[in-house]
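For the sequence shown, the numbering used here gives the first residue as 1, with consecutive numbering after it.
Don't be surprised by glycine CBs; every beta carbon is placed ideally from N, CA and C.
Okay, structure first, notes after.
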Amino acid sequence: MSDASGLRTGVWTKAAASGGNGGSCVEVMWRADDGVLVRDTKDQGEGPTLAFTRDEWLAFLDGAAKGEFDLP
Numbered sequence: 001m002s003d004a005s006g007l008r009t010g011v012w013t014k015a016a017a018s019g020g021n022g023g024s025c026v027e028v029m030w031r032a033d034d035g036v037l038v039r040d041t042k043d044q045g046e047g048p049t050l051a052f053t054r055d056e057w058l059a060f061l062d063g064a065a066k067g068e069f070d071l072p
């Protein structure tokens, strides 16, 4: 099962461009309840995990695509 952004439910996913060194990457998981979890790859299972609703996550993706978070 996957959501509108292509994430598979219950599977942590990171960008293919991030490489395999586990440096400065985040992982994202789509939850069965339509929520999204985000964590740092360095802190798997031990560090904090951010939780977002579907609407919050889609608004973030839209803002990122539009450059709303780009540095001046």
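Please report how far the alpha carbon of residue i lies from the alpha carbon of residue j, in whole angstroms.
i   : j   : result
W12 : M29 : 5 angstroms
E68 : E46 : 31 angstroms
R54 : V26 : 18 angstroms
L71 : A64 : 12 angstroms
K14 : D62 : 18 angstroms
R31 : S24 : 23 angstroms
G10 : K66 : 28 angstroms
Q44 : L37 : 12 angstroms
Measuring alpha carbon to alpha carbon, tell me which of the options ends up nearest residue i.
i   : options          : result
D33 : D62, A51 and D40 : A51
S18 : R54, K42 and L61 : K42
A59 : A15, G35 and P72 : G35
T49 : R39, G10 and E56 : R39
Entirely enclosed beta strand (DSSP E) segments - the region 25-62, minimum 3 residues: 26-30, 36-40 and 49-52
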